[in-house]
Amino acid sequence: MNTSPKRILIVGGVAGGAACAARLRRLDEHAEIVIFDRGPYVSFANCGLPYYVGGIIADEKSLLVADEALFRERFNIRVHTRSDVLSIDRGNRTITVCDLVSGEKRTEAYDALVLSPGASALRPPLPGIDLPGIFTLRTIPDSRVIRKWIDERQAQRAVVVGGGFIGLEMAENLSHRNLTVTVIEMLNQVLPPLDPEIAAFVEERLRKQGVTLALGDGVAGFEAAPDAGLVVKSQGGNAYEADLVILAIGVRPETALARSAGLEIGSRGGIQVDEHMQTNDPAIWAVGDAVEVRDWNLGQNTLVPLAGPAARQGRIAADVICGRPSHFRGVQGTAICGVFGLQVAATGASEKALVRAGDTDFEKIYLHPTQHAGYFPGAKRMHLKLLFRKSNGRILGAQAVGEEGVDRRIDVIAMAIQKEGTVYDLEEAELCYAPQFGGAKDAVNFAGMIAANVLRGDLPIVHWSEPVTADTILLDVRDPDEFTSGHADGALNIPVGGLRHRLAELPRDKEIRVYCAVGQRGYLATRILMQNGVSVRNLSGGLAMQP
Ligand code: FAD
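Residue 41 is where the sequence shown starts when you use the numbering used here, and the numbers rise one by one after that.
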């Protein structure tokens, strides 16, 4: 039996709204479905905008995933662009819409209303913020204006404020257009969702590519420069000259409509919804960047402005409107970004987030596997961090950076997290292998094996952050030529190959902290020493993780 209402209105026709509309039509051929968007386009690829600015996506039309005609002809859905929804009358179940071309206002009745109004880019009220040349990037017209500005002024210097995903994508794309780029970031690291030691690999790449990083410094204001450019003044007293500024300091959920209609707003400032994406009004659903969702790992409410969750939530809202009992599981923040040839991705909790939440029941390991068999041409190392529960091995989060294969490993671990998997599951995971694609023991298996070894007590580990004391000895088990080319202060060198014959050189009243380049030889050395009665721990991730 078809239980869906007759008239369903959707506010916002991009990621969440468009997904919801298409799913509604697939489930209900008879409902009247109408989308309103205040912008000139629906269903456009906001994620592609930085690449359009950079010229990698050459044709603006490629950004249009679906247009009004396609919605009408294929889905029998009416789309009203340039139509701002001004208010909701919940009592009468109507909305007031303003046609931004004619200026006319009208009311439209609904049986069900879906809000997918997205988020707006933050533009803090700093001195000079309204000077020409300071841009945010959210829509196709935004990207068009930035492109035009660069072309017409032959811009050569850009300052990107904010070192998050969009900020770094813009840094890369502006560099691609031969601008010199400075990224100013308030935190001491780029990519705030990641832990700093993983972000450090990205920072290294950015610097190598000529991007200037001003970390740990906020923007104080902007001034017009005599040469018609801009001067960005920082809180730390620095001044950066620029021909344009991109503000990429985050987004705020677009909640004005929901607030004025008296819908509940959550503690993080997003529209409050239940697991069926329903607001406190049973006839109104909300999805996407505008809503607050539950962090799957930490059990807290959070805002995760990503396209994947928005699309899935749109689909779930459609299901529920059509009488199906779908529910949203929550988010774990699985995300990926490309930065000058690096893939950097994360899923689940970061160490920072766990510490912030007061969680102490976790351990971390680092490894540096290749994306495919080491003997096959083109093998490249990635850096992978895995966080898991000390008490039961449950996987909490993972982060990785490398030139290839990062996406696949983080996706596999993301799925394991969703299925409440443990490191023992990763150890046993059966993944595809041929030499050019992976390893008979894949990077994911290695991560599981190392973590499981730690939990079983076969591999006691330590991290570089733990201070060396008078009771500890650092033991470098690499070859002498490696040792000579650089080693940790105060370390002894006994290569792992000769270790069994030189055990007598190691004091028994001290803890030995073993390290090698990446942790693998250190593991073998740890096993040798443990089985010879030496108190030993392996420095996880080896020298590659030394700060
Ligand atoms: P949106 O897609 O923003 O759509 C909201 C729409 O609602 C807008 O068109 C707006 O005009 C309209 N609207 C708002 N209020 C009203 C109103 N009152 N009346 C009428 N219309 C209204 N996510 C990823 O997962 N991966 C990426 O690589 C990625 N890259 C991105 C790059 C950029 C430059 C940007 C800006 C975002 C990126 N995102 C990425 C985020 C992703 O695009 C968003 O999470 C997603 O689009 C959110 O979908 P939404 O439906 O909630 O909102």
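Note that beta-carbon positions come from the ideal geometry of N, C-alpha and C, so glycine has one too. Values in this document were obtained by computation on a predicted structure and should not be read as measured data.
When DSSP labels each residue in this structure, what does residue i get in the three-state scheme?
i, result
"Leu569", "helix"
"Met41", "The predicted model places Met41 with a pLDDT of 45, which falls under 50 and marks its position as unreliable; any figure quoted below should be read in that light. In the structure shown, Met41 sits in coil (DSSP, three-state: anything other than H, G, I, E or B)."
"Phe402", "strand"
"Met489", "helix"
"Gly306", "coil"
"Glu467", "helix"
"Trp504", "coil"
"Pro293", "strand"
"Asp521", "helix"
"Val125", "strand"
"Arg47", "strand"
"Ala385", "strand"
"Val484", "helix"
"His316", "coil"
"Trp325", "strand"
"Arg187", "helix"
"His120", "strand"
"Cys138", "strand"
"Glu69", "coil"
"Tyr92", "helix"
"Cys362", "coil"
"Asn578", "strand"
"Glu460", "coil"
"Leu270", "strand"
Below 8 Å on the Cβ atoms is my guess for residue i versus residue j; work out the distance and round it to an integer in Å.
i, j, result
"Thr319", "Val327", "Not confirmed; about 10 Å, so no contact."
"Asn337", "Gly437", "7 Å"
"Ile224", "Val259", "6 Å"
"Trp189", "Ala195", "7 Å"
"Val517", "Arg561", "5 Å"
"Val54", "Phe84", "6 Å"
"Ala424", "Arg449", "At residue 424 the sequence reads Leu, which differs from the Ala that was named. Leu424 to Arg449, Cβ: 6 Å. Contact."
"Val502", "Arg577", "4 Å"
"Ile206", "Ala288", "5 Å"
Roughly how many angstroms separate the alpha carbons of residue i and residue j, rounded to a whole number?
i, j, result
"Arg163", "Ala301", "25 Å"
"Ser575", "Ser215", "51 Å"
"Asp335", "Gly370", "6 Å"
"Thr512", "Met422", "30 Å"
"Asp482", "Ala413", "9 Å"
"Met41", "Val154", "Model confidence at Met41 stands at a pLDDT of 45, short of 50, so the residue's coordinates are unreliable and nothing is read from them."
"Ser274", "Pro167", "12 Å"
"Asn116", "Asp99", "28 Å"
"Thr295", "Phe111", "26 Å"
"Ser150", "Thr342", "With the sequence shown as reference, residue 150 is identified as Tyr, and Ser is not the correct amino acid for it. Going from the Cα of Tyr150 to the Cα of Thr342 covers about 29 Å."
"Leu103", "Ile96", "12 Å"
"Pro507", "Leu583", "15 Å"
"Gly290", "Gly537", "51 Å"
"Pro417", "Glu443", "14 Å"
"Ala152", "Val105", "25 Å"
"Asp521", "Ser431", "41 Å"
"Ala268", "Arg352", "46 Å"
"Gly445", "Asn228", "27 Å"
"Ile180", "Gln586", "43 Å"
"Ala279", "Met226", "15 Å"
"Ala239", "Leu231", "6 Å"
"Thr134", "Thr147", "6 Å"
"Glu237", "Arg114", "49 Å"
"Asp191", "Val272", "21 Å"
Check whether the Cβ atoms of residue i and residue j sit closer than 7 Å, and answer yes or no.
i, j, result
"Ser156", "Gly256", "no"
"Glu315", "His367", "yes"
"Val554", "Ala565", "yes"
"Gly433", "Leu495", "yes"
"Val93", "Val119", "no"
"Phe241", "Val441", "yes"
"Ile405", "Ser127", "no"
"Gly530", "Leu515", "no"
"Arg247", "Ala159", "no"
"Leu234", "Ala386", "yes"
"Ala456", "Arg63", "no"
"Ala350", "Gly56", "yes"
"Thr121", "Asp77", "yes"
Please confirm if residue i has its CB atom under 7 Å from at least one CB of chain C.
i, result
"Pro181", "Of the chains in the structure shown, none is chain C; there is only one protein chain."
Could you tell me whether any non-hydrogen atom of ligand 3 is closer than 6 Å to the CB of residue i?
i, result
"Phe76", "Ligand 3 is not among the ligands present in this structure, which contains only ligand 1."
**Message:** I'd like the ranges of any beta strand (DSSP E) spanning at least 3 consecutive residues and lying wholly in the region 410–441.
**Reply:** 422–429
**Request:** Note down, one range per segment and in chain order, each alpha helix (DSSP H) of at least 4 residues found wholly within the region 512–558.
**Result:** If only complete runs of 4 or more residues are kept, the region 512–558 shows the alpha helix (DSSP H) at 520–524, in order along the chain.
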